Structure formats: C-alpha cells, structure tokens
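In the numbering used here, the protein residues as written are 117 to 490. Where a beta carbon is used, it is the ideal one built from N, C-alpha and C, also for glycine. Since this is a predicted model, take the numbers as computed values, not measurements. The structure appears below as structure tokens.
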C-alpha cells in the first residue's frame with residue numbers, strides 16, 4: 117500500500133508543469149545587447165537595444181493605451197529606470213515584438229562617467245503596469261491576477277502570469293579628460309577666423325574709408341550740390357511744361373472745331389506755358405503787354421533767338437485775337453474778304469501750330485550770340 121502512495125505522488129509531480137514553480141529568466145535564452153553610439157560620453161543621447169527570445173506574450177495583460185501595434189511603451193519612471201544617484205536620465209522605454217523575439221529599447225542620457233548598472237527587474241510586471249502613472253506597491257502575482265490562483269481556469273497561457281527576470285548588462289560612460297589625456301584646464305586661445313574672413317574685413321574697411329571720403333566731399337560741396345539739385349529740379353519742371361504745351365498743341369491740331377474755338381484754345385495753351393516758364397500769371401495780360409511782361413520777368417536778359425520767339429508769339433496772339441473778337445463783325449465783312457474775314461485761311465492752322473512749337477523751342481534754348489539767355 118505504501119508503494120502505491122509513493123508511485124501516485126511521483127506521477128502527480130510529473131504531471132504538474134515544472135515552470136509553474138520556477139522563474140523564467142532571459143539568461144536562459146538568446147540575448148544580444150547593442151549600444152548606439154558604441155562609445156558614449158557624458159551628455160550624449162544614448163539608445164540601448166536589448167534583444168532576447170521568449171515564448172511569453174508580454175503584450176497580453178498590457179493596457180491598450182500604451183500599445184501601438186507591435187510596440188509596447190513602458191513607464192520610464194519605473195524603479196529599474198530611475199537612478200537614485202541621478203547618474204543618468206531615462207527619457208523613453210519601449211518593448212518591440214517580432215514573433216517570439218523581443219527588443220527592449222531604452223533611450224537615456226548619462227550625466228557621470230563610469231558604470232551604469234540597471235537593476236534586475238520583472239519585465240512581465242513592468243509590461244502589466246506600463247499604463248500606470250504612479251508605480252504600485254509591491255504585490256504578488258496572484259493578488260494582481262486572481263486568475264493565477266487557478267491557472268487551469270485562466271484563458272491566458274500560464275507563462276503570462278509568472279515572473280520574467282531581466283538583467284541588463286552594465287554600460288560604461290567614458291571620460292573625455294581621460295580619452296584626451298588632459299590633466300588640467302587648457303589656456304584660452306584666440307578666436308579662429310573662417311576662410312576668407314580677412315578679405316571681407318579689409319573690404320569693409322576700404323568701403324568704410326570711401327564712404328567717409330564721400331561724406332566729407334559732400335559736406336564740403338554741399339552748397340554746390342544743393343544748387344545743382346535745384347537747377348536739375350527746375351530744368352525737369354521746364355521740360356515737363358514744354359511737353360504739356362506741345363501735347364496740347366498736337367491734340368488741338370487733330371480736333372475738328374471752328375476757327376473761334378481753335379483760337380481760344382490756342383491762347384489758353386500758350387498762356388499756361390508762359391505762366392510756368394516765367395513764373396508770371398499771363399491769364400489777364402493783354403497781347404500788347406506780353407513782350408514787356410516777359411522782358412521784365414527776365415530782366416531784359418533774353419538772347420536773340422529768344423527775342424525772336426517772343427515776337428512770333430506776340431504776332432500769333434494778335435492774329436488769334438482778331439479771329440476771336442472779329443467774328444460776325446462789320447469789319448470782318450469788308451472787301452476783299454480774304455484780308456478782313458475772321459477766319460483762318462487754308463493751312464493757316466497747321467502753320468500756327470508749327471510756329472508756336474518753334475517759338476517754345478526758342479524760349480527754352482540758351483543764346484550764344486547775345487547775352488546769356490534764359
């Protein structure tokens with residue numbers, strides 16, 4: 117009978133999965149640890165890749181809020197990723213799945229040279245608590261997962277309910293001082309110039325000197341420069357006045373109007389021109405006073421060509437006055453009509469336009485025969 121109980125006990129322990137009473141460990145599987153960059157210094161942004169194989173589904177009990185396909189984002193504030201001595205700072209931790217292969221990726225920044233030793237931790241527990249903002253108090257696996265009390269009633273594989281201890285290899289943070297062989301503070305060095313900087317500096321100096329010379333010359337010749345400026349402004353104004361007068365004459369020659377209207381419009385165009393040219397209002401100046409007003413405005417400094425131009429303008433004013441005021445009068449009906457009628461003869465309009473433009477050019481020209489001209 118005793119032999120029967122012994123055989124039954126042996127069968128019972130053989131049927132129960134041995135892994136229920138053991139802890140899985142990454143050291144039993146394939147493990148590969150890669151550091152990017154390979155040599156790290158204080159302040160570098162480092163990425164650690166820890167790859168291992170495991171049949172456990174670490175994603176099974178994880179919060180869906182921290183899952184993105186085959187990537188599970190772990191809490192970087194978990195105890196294993198926090199340095200009590202503040203020798204490093206973990207910014208991000210994620211677990212990547214590829215079939216039965218997993219890669220734990222840790223992004224961190226070292227702050228002190230020497231060894232960084234991550235403590236051993238239960239990866240399964242960290243995956244289950246990945247969505248928690250505050251790390252929970254230590255509880256047993258059975259308390260956190262009631263279904264583990266009766267594994268045969270759980271819908272999850274039993275390996276998802278047990279610990280999976282993971283130990284990351286130590287990481288060495290190099291020292292720049294030891295690497296460079298420096299034992300003290302280096303003396304200050306002068307700033308280094310970029311290629312071509314010397315040429316740019318000398319070019320700026322030369323340009324600055326030229327600007328100073330130009331400014332000094334301008335100050336010394338300020339009176340002459342101001343005079344030249346006002347002369348140029350006056351000249352451009354005269355040219356604008358000439359173009360306006362000739363443009364009005366051209367339009368007058370192209371329009372179809374009676375002789376009286378032609379004569380009135382011609383006088384208005386010429387009076388406007390004389391107003392600006394001699395800075396005297398000619399709107400109320402009679403024909404007999406036009407020459408004397410121009411001489412007074414110029415101080416009798418007209419050249420020969422300018423005097424001839426004034427005489428031509430006065431004669432044209434006399435002719436247009438007769439057309440304007442003698443229309444339908446008794447004098448305009450005297451014989452012979454061609455000498456007394458208040459109308460332009462054939463081709464006389466074109467001749468008036470031609471003489472007027474020539475007289476305007478004469479007034480604008482500088483005389484070289486007599487006087488200085490204006």
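Endpoints, the alpha helix (DSSP H) within which residue i is located
{"i": "residue 434", "result": "420–441"}
{"i": "residue 213", "result": "First-last for residue 213: 204–214, but that is the beta strand (DSSP E), not the alpha helix (DSSP H)."}
{"i": "residue 359", "result": "338–370"}
{"i": "residue 230", "result": "Here residue 230 belongs to no alpha helix (DSSP H); instead the beta strand (DSSP E) covers 230–232."}
{"i": "residue 476", "result": "464–480"}
{"i": "residue 169", "result": "Careful: residue 169 lies outside any alpha helix (DSSP H), inside the beta strand (DSSP E) at 162–169."}
Continuous beta strand (DSSP E) stretch holding residue i: start and end
{"i": "residue 281", "result": "280–282"}
{"i": "residue 187", "result": "187–190"}
{"i": "residue 150", "result": "147–152"}
Residue from the options whose Cα sits closest to the Cα of residue i
{"i": "residue 186", "options": "400, 193, 174", "result": "174"}
{"i": "residue 423", "options": "356, 410, 404", "result": "410"}
{"i": "residue 230", "options": "293, 364, 335", "result": "293"}
{"i": "residue 420", "options": "478, 377, 211, 244", "result": "478"}
{"i": "residue 393", "options": "199, 360, 366", "result": "360"}
{"i": "residue 224", "options": "214, 210, 344, 243", "result": "210"}
{"i": "residue 434", "options": "403, 460, 288, 363", "result": "403"}
{"i": "residue 425", "options": "460, 481, 391", "result": "481"}
{"i": "residue 493", "options": "200, 199, 205, 190", "result": "No answer is possible for residue 493: it lies beyond the span of the chain, which begins at 117 and ends at 490."}
{"i": "residue 192", "options": "246, 184, 159, 217", "result": "246"}
{"i": "residue 159", "options": "340, 201, 205", "result": "205"}
{"i": "residue 353", "options": "373, 390, 460, 328", "result": "390"}
{"i": "residue 213", "options": "176, 236, 207, 181", "result": "176"}
{"i": "residue 291", "options": "466, 339, 164, 156", "result": "156"}
{"i": "residue 110", "options": "215, 222, 217, 201", "result": "Within the shown structure, residues of the chain are numbered from 117 to 490, placing residue 110 beyond reach of any answer."}
{"i": "residue 430", "options": "416, 401, 442, 417", "result": "401"}
{"i": "residue 238", "options": "349, 279, 373", "result": "279"}
{"i": "residue 236", "options": "199, 372, 307, 282", "result": "282"}
Buried versus exposed, by CB contacts within 10 Å (16 or more), residue i
{"i": "residue 166", "result": "buried"}
{"i": "residue 470", "result": "exposed"}
{"i": "residue 162", "result": "buried"}
{"i": "residue 347", "result": "exposed"}
{"i": "residue 241", "result": "buried"}
{"i": "residue 351", "result": "exposed"}
{"i": "residue 475", "result": "buried"}
{"i": "residue 345", "result": "exposed"}
{"i": "residue 143", "result": "Reliability fails at residue 143, whose pLDDT of 43 lies under 50, so the model's placement of it is uncertain and the value that follows must be treated cautiously. Residue 143 comes out exposed."}
{"i": "residue 317", "result": "exposed"}
{"i": "residue 244", "result": "buried"}
{"i": "residue 462", "result": "exposed"}
{"i": "residue 234", "result": "buried"}
{"i": "residue 322", "result": "exposed"}
{"i": "residue 197", "result": "buried"}
{"i": "residue 304", "result": "exposed"}
{"i": "residue 170", "result": "buried"}
{"i": "residue 472", "result": "buried"}
{"i": "residue 336", "result": "exposed"}
{"i": "residue 436", "result": "buried"}
{"i": "residue 368", "result": "buried"}
{"i": "residue 254", "result": "The predicted model places residue 254 with a pLDDT of 48, which falls under 50 and marks its position as unreliable; any figure quoted below should be read in that light. With fewer than 16 other Cβ atoms within 10 Å, it is exposed."}
{"i": "residue 378", "result": "buried"}
{"i": "residue 329", "result": "exposed"}
{"i": "residue 418", "result": "buried"}
{"i": "residue 340", "result": "exposed"}
As assigned by DSSP and simplified to three states, the class of residue i
{"i": "residue 238", "result": "strand"}
{"i": "residue 401", "result": "coil"}
{"i": "residue 378", "result": "helix"}
{"i": "residue 183", "result": "strand"}
{"i": "residue 408", "result": "helix"}
{"i": "residue 245", "result": "coil"}
{"i": "residue 224", "result": "strand"}
{"i": "residue 172", "result": "coil"}
{"i": "residue 290", "result": "strand"}
{"i": "residue 325", "result": "helix"}
{"i": "residue 156", "result": "strand"}
Assumed close pair residue i, residue j - CB separation to whole angstroms, cut-off 8 Å
{"i": "residue 149", "j": "residue 285", "result": "5 Å"}
{"i": "residue 387", "j": "residue 398", "result": "4 Å"}
{"i": "residue 203", "j": "residue 227", "result": "6 Å"}
{"i": "residue 232", "j": "residue 152", "result": "Their Cβ separation, rounded to whole angstroms, is 15 Å, which puts residue 232 and residue 152 out of contact at 8 Å."}
{"i": "residue 64", "j": "residue 440", "result": "With the chain covering only 117 through 490, there is no way to say anything about residue 64."}
{"i": "residue 407", "j": "residue 396", "result": "In fact, because the Cβ distance is near 13 Å, the residues do not count as touching under 8 Å."}
{"i": "residue 468", "j": "residue 432", "result": "6 Å"}
{"i": "residue 164", "j": "residue 287", "result": "7 Å"}
Interface flag, residue i vs chain B, CB-CB below 8 Å
{"i": "residue 165", "result": "The chain inventory of the structure shown lacks chain B, comprising one protein chain alone."}
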